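Undergrad: If you scroll down you'll find the structure; I have some questions about it.
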RNA sequence: GCGCUUGUGGCUCAAUUGGAUAGAGCAUCAGACUUCGGAUCUGAGGGUUAGAGGUUCGAGUCCUCUCAAGCGUACCA
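Numbering (our numbering), first residue to last: 23 to 587.
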C-alpha cells in the first residue's frame, strides 16, 4: 500500500478545490502519536507565496479536504501543521487485503527498468576479508529489493582477476607443481609464500615478470595456469556467498579480464571525442575542476582500473541495457567514481536518462574505533568471521531449550549469519561502524534476535491456537490502530530504501514494528480465557500480518526466519 | 598544502531529507507477572546536536569560519 501517495492525492484534490495553484509537498508520518497518523506541513511554506497567514491557508485546505473515506479526521495545529488521522474502517479493510496477498499488497512497478547492481567484487589473488562484507550484503539487499519491487535486476560481480600479481602467483603455482587443490586451500598463505619467493629468488622473480607478459599475450600454458588459479579462488568466494545466503552465482561474474578486448576501444572512443591528452607519457582525460586527471593508459601502454571501469560501464549500458547502475563500493573510492561518471557522460557513453550512482559505505571498525584487524594486525578472513558467528550463536542458544545437536547447528547457522548481516545493514551505510559481537548477538534493542524472537513468538501463538482463522480485522484501540498503520507503511519504506539504497531504513522500520507489536501483545490478550471470538480472530489476523511482514522484510535483507528459537 | 567525509546523552545508533518538546537500545535506578515464550513490558534520570556566526516563520539538517578525527590526492585496484 502506497499510503503516502494516496494521502497526497487527497491533498492534491483539496488544493484544486481550494484554488491553490501549487503542487503540495509530500505528507510525512506524524512525529508523535498525539499528532495523528500523518501530517501535512505545506501550509507554512505557502504563506509567503500566497501572502496569507499560514493557519488561514491550512483552514482553506482543511475545508476542502475529503474526510469521508481514507481519512477520518484532520486538525490544524501549531503554526499551520495539518494533522491527519486515518479511518479505522479503511485501515481494517486494507490490511485484510494485504493479508490475503502473498506480496502483502505490494504491486510490482508499472514501469520497471533494468538495473545493474555491481557488488562484492573480490580480488582473486587473495581471499575475501571483512572489507568485502558490506559491499556484498548491501549490494545483495539492494538487488533483492529492486527485484521485489519489479525492476529487472542484473547482478554483476566485477572480480579482480587481472594484473601483475597473477604472474607471480601462477609462476609459484607451477613451481609447486601441484594441481592447486592443496596449496590453494589457504590463498592468503599461498600469496605470502609466493611473495617471499619473489623477494628471495631472483630467478623466480624474473619468471614471474615474464609470466605477466605471457598471460597478456595469450600464452596457452600460462593462461591454463591462470584459469586454474581463478577457478579455485572463485570457488572460495562461492563458499562465502553460500554461507552468507547471498544471491550471487558464477553467472553473475564479469571479471576484469572480460573487458580486455574492449580497453583499446575505450581509448579510441575518448580520442575520437578529442578528450585525450598525453601528459608525462600517459594518456589522460582532464576534467574541469578536477585537480588530477583520469589516467586511462600508462606510459608503457598498459591499461588501468579507470579504463576497465569505463569499458564495464559501456558494456552495461550498451549490451545489458541498464538504466540505472549502482556501484556498491567503499567510500574511499568516491573520487574515482565521480571522475569515471564525468568521463562517461562527457564521452557520451551514457545518455542523460541513465542513472549512475556510487553506493558508498564506511569501514568496519573494532571496539577502539580502529579498522578491524586480527591480533597480529592482519586482515580478518570473511569466512573465519562467519564461522565464528555461528559458533557464538550456538553458544547463545544452547542453554535455552532442550534442542538436539542437529537443531542447534541448523539454528545457529541462520541466527549467527543473520546477526552479522543485520548488525551491518542496520547502520546508515555512509558512516563507519563499530563491530561488536555482544551487541550483535543480544536479544535486546534493534537486533536480529529481537526480530527472530518476536517472529517465533507469533508462530508459537499460531501453533497453540491450532484451528483455522475466520473473521475480520476490527481495530479496537489506539495501539491496534498504530500497529495497522505501521503494517501498511511497509511499501513506502521499501520504496524509499530502494531509492536511497539504504537497507537501514528497513531494519529501523522492522524494529519499530516489532516494538509496537510487543506492546500490543502485552496489552491485548489473544488466546487467554474471556476474549471474545471476534476480538480473538481480529488480533490473530493482525499478528499474522505482523509475522508475514517481519518475514518478508528480513527476507529482503537476505535473512531467514526460524519458527522456533 | 588542496579536496572529500564525519562530529548527536557515559557507550552504540536514529531523526521521514528544512518542521512541533532531538528519539531508541545498552548501562544506571525504580516498577509490572501464579509467563497467550520474562530472551517481555512500564517508568525515571541523563542533550547548549564539537564551537562561533548567518539564512529562514522554523536549523541536528542549508551557508561561512574555527577546532577535532578519518580518508583521498596522476601512471595500484
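Backbone N, C-alpha and C fix where the C-beta goes; we use that ideal spot for every residue, glycine too. Note that the structure is predicted; figures quoted are calculated from it, not measured.
Relative to the alpha-carbon of residue 154, which residue among 135, 87, 386, 315 has its alpha-carbon at the smallest distance?
TA: Taking the first chain and counting its residues from 1, one reaches residue 154 at position 132. The candidate whose alpha carbon is nearest that of residue 154 is 386.
Undergrad: Considering only the alpha carbon of each residue, which of 496, 161, 190 lies closest to residue 180?
TA: Locating residue 180 in the first chain gives position 158, where the first residue counts as 1. Cα-wise, what sits closest to residue 180 is 161.
Undergrad: Who are the near neighbours of residue 402 in its chain, counting only those whose CB is closer than 8 Å to its CB and skipping five residues on each side?
TA: Within the first chain, the letter at position 380 stands for residue 402. The answer, listed in chain order, is 151, 152, 394, 395, 396.
Undergrad: Put residue 74 into one of helix, strand or coil per three-state DSSP.
TA: Your numbering for residue 74 matches position 52 in the first chain. Coil, per DSSP.
Undergrad: So the candidates are 432, 220, 333, 144; which of them puts its Cα closest to the Cα of residue 281?
TA: The count along the first chain starts at 1 and reaches residue 281 at position 259. Selected option, being the one with the closest Cα: 333.
Undergrad: Which residue from 368, 471, 378 puts its Cα closest to that of residue 418?
TA: Taking the first residue of the first chain as position 1, residue 418 is located at position 396. Comparing Cα positions, the closest option is 471.
Undergrad: Excluding sequence positions up to five away, which residues of its chain have a Cβ less than 7 Å from the Cβ of residue 84?
TA: Within the first chain, numbered from 1, the residue matching residue 84 stands at position 62. Here the set comprises 96, 98, 104.
Undergrad: In three-state terms, what does DSSP make of residue 308?
TA: Your numbering for residue 308 matches position 286 in the first chain. It is coil, neither helix nor strand.
Undergrad: Please report the distance separating the alpha-carbon of residue 86 from that of residue 132.
TA: Numbered from 1 along the first chain, position 64 holds the residue referred to as residue 86. Numbered from 1 along the first chain, position 110 holds the residue referred to as residue 132. In a straight line, the C-alpha of residue 86 is about 31 Å away from that of residue 132.
Undergrad: Once the 5 residues before and after residue 191 are set aside, which same chain residues still bring their CB inside 8 Å of it?
TA: Within the first chain, numbered from 1, the residue matching residue 191 stands at position 169. Contacts found: 147, 212, 213, 216, 251.
Undergrad: Tell whether a beta-carbon distance below 7 Å holds between residue 203 and residue 567.
TA: Residue 203 sits at position 181 when you count from the first residue of the first chain. Residue 567 sits at position 545 when you count from the first residue of the first chain. Against a cut-off of 7 Å, the Cβ pair of residue 567 and residue 203 comes out as no contact.
Undergrad: Smallest Cα separation from residue 440: which of 331, 506, 573?
TA: Translated into positions along the first chain, residue 440 becomes position 418. It is 573 whose Cα lies nearest to the Cα of residue 440.
Undergrad: On the three-state DSSP scale, how would you describe residue 204?
TA: As a position in the first chain, residue 204 is number 182, starting the count at 1. Three-state result, residue 204: coil.
Undergrad: Measuring CB to CB, does residue 497 end up less than 7 Å from residue 55?
TA: Residue mapping note: residue 497 aligns to position 475 of the first chain, counting from 1. Residue mapping note: residue 55 aligns to position 33 of the first chain, counting from 1. Result no, Cβ atoms of residue 497 and residue 55 do not sit closer than 7 Å.
Undergrad: Can you round the beta-carbon distance between residue 74 and residue 49 to whole angstroms, since I take them to be within the 8 Å contact cut?
TA: The residue labelled residue 74 in the question sits at position 52 within the first chain. The residue labelled residue 49 in the question sits at position 27 within the first chain. No, residue 74 and residue 49 are not in contact; Cβ-Cβ is about 21 Å, not under 8 Å.
Undergrad: Under three-state DSSP, which class holds residue 342?
TA: Here residue 342 refers to the residue found at position 320 when the first chain is read from its first residue. DSSP places residue 342 in coil when its eight states are reduced to three.
Undergrad: If you count every other CB in all the chains shown that lies within 10 Å of the CB of residue 526, and 16 or more means buried, which is it?
TA: For the purposes of this step, residue 526 is taken as residue 504 along the first chain, with counting starting at 1. The residue in question, residue 526, is buried, as its Cβ has 16 or more Cβ neighbours within 10 Å.
Undergrad: Just to confirm, are residue 210 and residue 149 a CB contact at a threshold of 7 Å?
TA: Start at 1 with the first residue of the first chain, and residue 210 comes out as number 188. Start at 1 with the first residue of the first chain, and residue 149 comes out as number 127. Against a cut-off of 7 Å, the Cβ pair of residue 149 and residue 210 comes out as a contact.
Undergrad: Cα-Cα, which of 313, 326, 312 is closest to residue 305?
TA: Here residue 305 refers to the residue found at position 283 when the first chain is read from its first residue. Residue 326 is the option with its Cα nearest to residue 305.
Undergrad: State the DSSP-derived secondary structure class of residue 128, mapped to helix, strand or coil.
TA: Position 106 of the first chain, counted from the first residue, corresponds to residue 128. Of the three classes helix, strand and coil, the one that applies to residue 128 here is coil, per DSSP.
Undergrad: Can you tell me whether DSSP reads residue 23 as helix, strand or coil?
TA: Here the question's residue 23 lines up with position 1 in the first chain. The answer is coil: DSSP assigns residue 23 none of H, G, I, E or B.
Undergrad: Quick one: using the 10 Å Cβ neighbour count with 16 as the cut-off for buried, is residue 141 buried or exposed?
TA: For this step, residue 141 is matched to residue 119 along the first chain. Result: buried.
Undergrad: Measuring alpha carbon to alpha carbon, tell me which residue in 518, 558, 477 is nearest residue 491.
TA: The residue given as residue 491 occupies position 469 in the first chain. Among 518, 558, 477, the Cα nearest to that of residue 491 belongs to 558.
Undergrad: What residues are listed by DSSP as bridge partners for residue 536?
TA: Sequence index remark: in the first chain, residue 536 carries index 514 (1-based). Beta-bridge pairing links residue 536 to no other residue.
Undergrad: Taking Cβ to Cβ, would you say residue 234 is nearer than 7 Å to residue 189?
TA: Along the first chain, one-based indexing puts residue 234 at 212. Along the first chain, one-based indexing puts residue 189 at 167. Result yes, Cβ atoms of residue 234 and residue 189 sit closer than 7 Å.
Undergrad: Measure the CB-CB distance between residue 384 and residue 453 and report whether it falls below 7 Å.
TA: For the purposes of this step, residue 384 is identified with residue 362 of the first chain, where counting begins at 1. For the purposes of this step, residue 453 is identified with residue 431 of the first chain, where counting begins at 1. A contact, by the Cβ cut-off of 7 Å.
Undergrad: Tell me, which residues are paired with residue 110 by DSSP?
TA: For the purposes of this step, residue 110 is taken as residue 88 along the first chain, with counting starting at 1. Paired residues: none, contrary to the question.
Undergrad: If you measure between the beta carbons of residue 583 and residue 477, is that distance less than 7 Å?
TA: For this step, residue 583 is matched to residue 561 along the first chain. For this step, residue 477 is matched to residue 455 along the first chain. Against a cut-off of 7 Å, the Cβ pair of residue 477 and residue 583 comes out as a contact.
Undergrad: I need the straight-line Cα distance from residue 271 to residue 166, nearest angstrom please.
TA: As a position in the first chain, residue 271 is number 249, starting the count at 1. As a position in the first chain, residue 166 is number 144, starting the count at 1. The alpha-carbon atoms of residue 271 and residue 166 are separated by roughly 14 Å.
Undergrad: Could you check the C-alpha separation between residue 474 and residue 409 for me, to the nearest Å?
TA: The residue labelled residue 474 in the question sits at position 452 within the first chain. The residue labelled residue 409 in the question sits at position 387 within the first chain. Spanning the two alpha carbons is a distance of roughly 20 Å.
Undergrad: On the DSSP letters alone, give me the boundaries of the alpha helix (DSSP H) that residue 486 sits inside.
TA: Numbered from 1 along the first chain, position 464 holds the residue referred to as residue 486. That run of the alpha helix (DSSP H) goes 470-487.
Undergrad: Distance, Cα to Cα, residue 593 vs residue 460?
TA: Any question about residue 593 goes unanswered here, given that the chain covers just 23 to 587.
Undergrad: From which residue to which residue does the alpha helix (DSSP H) around residue 156 run?
TA: Reading the first chain from its first residue, position 134 is the one you call residue 156. Residue 156 -> alpha helix (DSSP H) spans 153-171.
Undergrad: In the DSSP assignment, find the alpha helix (DSSP H) that holds residue 148 and state where it starts and stops.
TA: As a first step, residue 148 is located in the first chain; it is residue number 126 there, counting from the start. Element bounds for residue 148: n/a, residue is neither H nor E.
Undergrad: Bridge partners of residue 60, per DSSP?
TA: Counted from its first residue, the first chain places residue 60 at position 38. Partner(s): 51, 106.
Undergrad: Please return the same chain residues whose Cβ sits closer than 7 Å to the Cβ of residue 391, not counting the five positions on each side in sequence.
TA: Along the first chain, one-based indexing puts residue 391 at 369. Once the five neighbours on either side are set aside, the close Cβ partners of residue 391 are 456.
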